Amino acid sequence: MNLPYRYRGLGLVGLLALLLPWAAWHFALSDTFGAWRECGRLERRVDALAPTTPATGAAVPAAVEAPELILSGGLLDSVRRFAPAGVRATGYVPVTTLRQDGIEIHTAQLTLTGPFAELLRTVETLERRLPACRLRSAEWQTATRPRTRRTQLTLTLYIQQLTLITESK
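When we follow numbering that gives the first Met the number 0, the leftmost residue of the sequence shown carries the number 0, and every step to the right adds one.
Structure (structure tokens):
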């Protein structure tokens, strides 16, 4: 009866030596190797297609060619037009945050007050109807009005737009 247990350790080590590499390949390495091969294949295909495509100048995204909305106040006009009746714009601070290589980044700090549902609708409408501007941050706050002692919801939006610098001489 002791004979089968004598080689049990050796059998388990042999089984571990066979199953561990198979499990590592099957569960971890096979997908990585397949992705690496696919990447190499796509890279060779792009290299083969590169000489046949015509050389074009630097493409400017359509969002950069859109009319400037932040410094001109077009964003504030759009908010007034798109916002529901209960939403009020209580603050607007436009700033040029970066100027580099012919492109400017204009940032606006827009403060809105109103009910939660209407503020959410306003944010959703701004994201859909102003493709040239990107919503970068939203900060929600509640504050008590001193005169009425009622709480109001305040939403501060940080919106950015890329614009081309036009050189006027």
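Note that the Cβ used here is the ideal one computed from N, Cα and C, for glycine as well.
Every value quoted in this text rests on a predicted model; they were computed, and no experiment measured them.
Reduced DSSP category for residue i - H, G, I as helix; E, B as strand; rest coil
i	result
residue 121	helix
residue 153	strand
residue 67	coil
residue 146	coil
residue 84	coil
Rounded separation between residue i and residue j - CA only
i	j	result
residue 67	residue 73	8 Å
residue 83	residue 143	22 Å
residue 141	residue 155	11 Å
residue 95	residue 117	29 Å
residue 71	residue 105	11 Å
residue 35	residue 15	28 Å
residue 32	residue 47	23 Å
residue 13	residue 19	10 Å
residue 157	residue 136	5 Å
residue 40	residue 110	51 Å
residue 97	residue 29	45 Å
residue 93	residue 159	10 Å
residue 43	residue 49	10 Å
Own chain partners of residue i with C-beta closer than 7 Å, once the 5 adjacent residues on each side are dropped
i	result
residue 123	none
Beta-bridge partners of residue i, as assigned by DSSP
i	result
residue 93	107
residue 138	155
Close-in-space but distant-in-sequence residues of the same chain around residue i (CB under 8 Å, 5 per side omitted)
i	result
residue 115	152
residue 77	68, 125, 128, 129
residue 150	141, 142, 143, 144
Nonlocal neighbours in the same chain, by C-beta distance under 6 Å from residue i, ignoring five residues either side
i	result
residue 75	91
residue 9	none
Cβ of residue i within 8 Å of any chain D Cβ
i	result
residue 15	No chain D is present in this structure, which holds just one protein chain.
Nearest-angstrom Cβ-Cβ length linking residue i and residue j, presumed shorter than 8 Å
i	j	result
residue 79	residue 88	7 Å
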